[in-house]
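Engineer: Residue numbers (the UniProt record's numbering): 1 to 315.
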Amino acid sequence: MATVTAAAPGRRRRTPLARREARWAYLFLAPWIVGFLIFYAGPMVASLWLSFTEYDVINAPRYTGLDNYRELMSDPAVARSLGNTVYYTALHVPLVMLISLGLALLLKRVGRLQGFFRTVFYLPVMTPAVAVGILFLLLLNTQDGLINRVLGLVGIDGPSWTTDPHWVMPGIILMSLWSLGSTVIIYLAALQNVPRDLYEAAAIDGAGPWARFRSVTLPMISGALFFTLIVNTIASLQMFTEVYTMYFGNRETQNSFNSDAASFYVIHLFQEAFQFLHMGFASAMAWLLFAIILIITLVQVKLSNRFVYYEGEDK
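#1: For Glu272, count the other beta carbons within 10 Å of its own beta carbon; 16 or more makes it buried, fewer makes it exposed. Which is it?
#2: Does DSSP classify Tyr310 as helix, strand or coil?
#3: For Val4, name the three-state secondary structure that DSSP assigns.
#4: Do the CB positions of Leu184 and Ser100 come within less than 8 Å of each other?
#5: Can you check which of these residues, Tyr69, Asp67 and Trp49, is closest to Pro61 by C-alpha distance?
#6: For Ala262, report the span of its alpha helix (DSSP H) as first-last.
#7: Output yes or no for whether 8 Å exceeds the beta carbon distance between Ala129 and Leu188.
#8: Between the alpha carbons of Leu137 and Ala22, how many angstroms are there, rounded?
#9: Evaluate the contact criterion for the region 158 to 167 versus the region 73 to 90: three or more CB pairs, one atom per stretch, below 8 Å.
#10: Just list the residues that DSSP pairs Tyr63 with in beta bridges.
#11: Just to confirm the assignment: which complete alpha helix (DSSP H) runs, minimum length 4, are found wholly within the region 201 to 249?
#12: I'd like to know if the region 229 to 237 and the region 295 to 304 are in contact, where contact means that at least 3 CB-CB pairs between them fall below 8 Å.
#13: Could you work out which residue in Gln275, Gly280, Ser304 and Arg13 is closest to Leu66 when comparing CA atoms only?
#14: Return the chain-ordered list of same chain residues with a C-beta closer than 7 Å to the C-beta of Leu139, the five sequence neighbours on each side being excluded.
#15: Out of curiosity, what's the CA-to-CA distance linking Glu242 and Thr162?
#16: On a CA-only basis, which of Ala18, Met175, Gln143 and Ala131 is nearest Leu91? Give me that one, please.
#17: Would you report the Cα separation of Phe264 and Phe270, rounded to the nearest angstrom?
#18: Have a look at Val266, Phe248 and Ala190 and flag the residue whose alpha-carbon is nearest the alpha-carbon of Ile293.
#19: From which residue to which residue does the alpha helix (DSSP H) around Phe116 run?
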């Protein structure tokens, strides 16, 4: 009688078909892998090395150890730009989420016109950032800007949005609301996926509109809320193009106000790198921003366990 030999424990050997499929998979992934290594991983490693050097593009890098990071901790311009960025993020992210959720709730009720309004809200997202900066530079113009003209019709003397340091940041936040359409679409999709049975059960139990929103809607769309919180936070901390176009790309505007009010962290990083050619210092700034974003994201992910509901998961 033939003896049956037990298979040795361990990893199962892949069949020829599985190996062939794996080779094809790596072949199709190769363009992305090569692009990632050349355009992302390579520059990141290079910038990490440059952050420990003094480098002005013209001369060879000179190793300086932690000098750039020490200078970061004591440079008032870095602290000011980082403070402006955090202040903007703290106001921009909640506003975008609240307004987007309100618009998504309204869109859910418009019926057949929903597709039209989805397009209307999303079109501004497709507008080039430079065009948005130029547009709002005109809209917020103190003398003949459309916003101040509208305020004048109701007897309100509009502020100097682009020259008064106290009004520069509110103007930037107002501009940033122009591109909230993507967040609206995400929330609308999440709202449409909430089972109607849950609302009917809550109504039978005597829950009013606010109770249904708090106990049914918010938990069921908490995953979308969490996603947009992370994405909008990261985007806000890297705010650059629109503000640079409005306040630093226009010589007349730049000379008419104190640019410290609109100095965001990435703008200051850009100036250090490409205006003053302090590539080593700018690289250190980039890695500090990377560390800040990483820490904030990890904290958000950790706290998400308390308020994010995943369907089918026992808590």
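Ideal placement from N, C-alpha and C gives every residue a C-beta, glycine not left out.
Structural biologist: Considering the structure as presented:
#1: Here residue 272 is taken as the residue at index 272 of the sequence shown, counted from 1. So Glu272 counts as buried.
#2: Position 310 of the sequence shown, counted from the first residue, corresponds to residue 310. Residue state, collapsed to three classes: coil.
#3: As a position in the sequence shown, residue 4 is number 4, starting the count at 1. Because Val4 carries a pLDDT of 48, less than 50, the predicted location of this residue cannot be relied on, and the following value inherits that uncertainty. Three-state DSSP puts Val4 in coil, outside helix and strand.
#4: In the sequence shown, residue 184 corresponds to position 184, counting from 1. In the sequence shown, residue 100 corresponds to position 100, counting from 1. Reading off the sequence shown, one finds Val at residue 184, where the question assumed Leu. Their beta carbons are under 8 Å apart, which means Val184 touches Ser100 by this criterion.
#5: In the sequence shown, the residue the question calls residue 61 occupies position 61. When each option's Cα is compared against that of Pro61, the closest is Trp49.
#6: Position 262 of the sequence shown, counted from the start, is the residue given in the question as residue 262. No alpha helix (DSSP H) contains Ala262, which DSSP labels as neither H nor E.
#7: Locating residue 129 in the sequence shown gives position 129, counting from the first residue. Locating residue 188 in the sequence shown gives position 188, counting from the first residue. Not in contact: Ala129 and Leu188 (Cβ atoms no closer than 8 Å).
#8: The sequence position of residue 137 within the sequence shown is 137, counting from 1. The sequence position of residue 22 within the sequence shown is 22, counting from 1. As the crow flies, the alpha-carbon of Leu137 is around 53 Å from that of Ala22.
#9: no
#10: As a first step, residue 63 must be located in the sequence shown, where it is residue number 63. Looking at the DSSP assignment, Tyr63 forms a beta bridge with Thr53.
#11: 209 to 212 and 222 to 237
#12: The region 229 to 237 and the region 295 to 304 touch, with no fewer than 3 CB-CB distances between them shorter than 8 Å.
#13: Start at 1 with the first residue of the sequence shown, and residue 66 comes out as number 66. Checked all of Gln275, Gly280, Ser304 and Arg13; the closest Cα to Leu66 is Gly280.
#14: For the purposes of this step, residue 139 is taken as the residue at position 139 of the sequence shown. Only Gly145, Leu146 and Ile147 meet the Cβ criterion.
#15: For the purposes of this step, residue 242 is taken as the residue at position 242 of the sequence shown. For the purposes of this step, residue 162 is taken as the residue at position 162 of the sequence shown. Distance from the CA of Glu242 to the CA of Thr162, rounded to the nearest whole angstrom, comes to 13 Å.
#16: Walking along the sequence shown from the start, residue 91 turns up at place 91. Cα-wise, what sits closest to Leu91 is Met175.
#17: Looking up residue 264 in the sequence shown gives position 264. Looking up residue 270 in the sequence shown gives position 270. Using only the alpha carbons, I get a separation of about 10 Å.
#18: On the sequence shown, position 293 is the one that residue 293 refers to. Among Val266, Phe248 and Ala190, the Cα nearest to that of Ile293 belongs to Val266.
#19: Working through the sequence shown from its first residue, we reach residue 116 at position 116. Segment Gln114 to Tyr122, the alpha helix (DSSP H) holding Phe116.
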